[in-house]
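Structure first, commentary second.
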Amino acid sequence: VQDRTRNIAQTFELEFRATKRDDEEFGKDILAAPMVASNSFNSIALMSDGTVWTWGDNTYGQLGNNSVTPSSMPVQVRNPISDGYLDGIVKVAQGKYHSVALTSDGKVYTWGHGADGQLGTGNTSDSLIPVAVVTGASTSETEDAQYLTDIVDITAGDDFTAALDNKGLYGCS
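The opening residue of the sequence shown carries number 79 in the numbering used here; numbering runs sequentially from there.
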């Protein structure tokens, strides 16, 4: 697994360098990927500057770029709140057809396939951009939605997402 992850990271860095035009366009040098996760369909990389890049299959929006078009080259994940891109991320995880990101302030975002509730939004809809994970019976459609906070770790499986908070409690969707 470590060799496969290392090869994926090296491939990502080489492909990213080949597509990088200049520092002015990208604003900074983001060639280092301290965390990479992948499955049989797509990959996700957390860059050292806290941004997230994805590539591969995008049938359910798992690349997080507001599209369902697949990409063999890395694309940057959109920010759900503004017109920019997701940043401030400290950890990423990859499910079968969905992706997960943990922010530096303990919030969790998911995107992609949601048919089994794995996005943690209180529904079974897919999402083409990151959405905040809600707590318990709360749903993202209600004005009083309660979102996960104080999360310190995340993981994902084929059809689930799990999070651990700073009190040692965990949740699974």
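Just so you know, even glycine gets a beta-carbon here, dropped at the ideal spot from N, CA and C.
Going straight from the alpha carbon of residue 271 to that of residue 166, what length do you get? The shown model of the chain, from 79 to 251, leaves out residue 271, and the question about it has no answer.
Going by C-alpha to C-alpha distance, which of 203, 128 and 240 sits closest to residue 193? 203
Buried or exposed: which applies to residue 147, given that a residue is buried once 16 or more other Cβ atoms fall within 10 Å of its Cβ? exposed
Counting only the same chain and skipping the five closest in sequence on each side, list residues whose C-beta sits under 8 Å from that of residue 103. With a pLDDT of 41 at residue 103, under the threshold of 50, the modelled position of this residue cannot be trusted, and the question is left open.
Hey, residue 180 and residue 129 are a contact pair by Cβ (cut 8 Å); roughly how many whole angstroms apart? Incorrect: roughly 14 Å between the Cβ atoms, too far for contact.
For residue 200, tell me which candidate among 211, 229, 112 and 139 has the shortest Cα-Cα distance. 211
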